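Take the sequence shown: its position 30, counting from 1, is numbered 124 in the numbering used here, and each next residue is one higher.
Report on the structure given below.
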Amino acid sequence: MSNLHVVATIPAKSGSENTVQAALTALAEESRKEDGCVSYDLYESTSAPGTFVVVEVWKDQHALDTHMKSPHMREAAGAFGAHLAAAPGIHPLRPVA
């Protein structure tokens with residue numbers, strides 16, 4: 095079974111970039127400790143400043159499901175929820191080429 099790749103985009107409201115970045119940084123640190131996490135990298139878009147992009151690789155769907163229900167995921171969502179310009183876009187990926 096191959097790893098599961100996920101890209102998430104998280105757009106911060108203008109003026110809330112630091113709050114969202116801090117919550118996502120804490121989330122990344124905790125997520126990297128999860129058993130099924132292969133990698134978890136946080137970026138900010140240079141073409142859309144204030145939009146954060148998380149590139150994740152999980153061992154399998156179960157590991158991703160466990161992550162989505164984790165206490166640190168709930169904590170991060172609570173910390174940045176009111177500071178988002180739109181809902182996060184979560185994109186599980188499948189290889190095509």
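We treat Cβ as the ideally placed atom computed from N, Cα and C, and that holds for glycine.
Being a predicted model, the structure only gives us computed values, none of them experimental.
Tell me where the beta strand (DSSP E) around residue i begins and ends.
| i | result |
| --- | --- |
| residue 105 | 98 to 105 |
| residue 186 | 183 to 187 |
What are the residues that DSSP puts in a beta bridge with residue i?
| i | result |
| --- | --- |
| residue 146 | 104 and 138 |
| residue 125 | Paired residues: none, contrary to the question. |
| residue 164 | In the DSSP output, where bridge partners are listed per residue, residue 164 has none listed. |
| residue 118 | Note: residue 118 sits in no beta bridge, so no partner. |
| residue 151 | 99 and 133 |
| residue 158 | Its beta-bridge partners do not exist; DSSP assigns none. |
Whole angstroms is fine: what's the gap from residue i's alpha carbon to residue j's?
| i | j | result |
| --- | --- | --- |
| residue 166 | residue 103 | 18 Å |
| residue 155 | residue 112 | 31 Å |
| residue 127 | residue 180 | 28 Å |
| residue 173 | residue 161 | 17 Å |
I'd like the list of long-range same chain contacts for residue i, defined as Cβ closer than 6 Å, with 5 residues on each side in sequence excluded.
| i | result |
| --- | --- |
| residue 150 | 100 and 134 |
| residue 146 | 104, 118 and 138 |
Could you spell out the range, first to last residue, of the alpha helix (DSSP H) harbouring residue i?
| i | result |
| --- | --- |
| residue 190 | Careful: residue 190 lies outside any alpha helix (DSSP H) and carries neither H nor E. |
Excluding the 5 residues preceding and the 5 following residue i in the sequence, name in chain order all residues of the same chain whose CB lies nearer than 7 Å to its CB.
| i | result |
| --- | --- |
| residue 177 | 106, 107, 110, 113 and 114 |
| residue 183 | 102 and 103 |
| residue 124 | 166 |
| residue 144 | 105, 106, 108 and 111 |
| residue 190 | none |
Identify, in the order they occur along the chain, each residue of the same chain with its Cβ nearer than 8 Å to the Cβ of residue i, setting aside the five sequence neighbours on each side.
| i | result |
| --- | --- |
| residue 185 | 100, 101, 102 and 103 |
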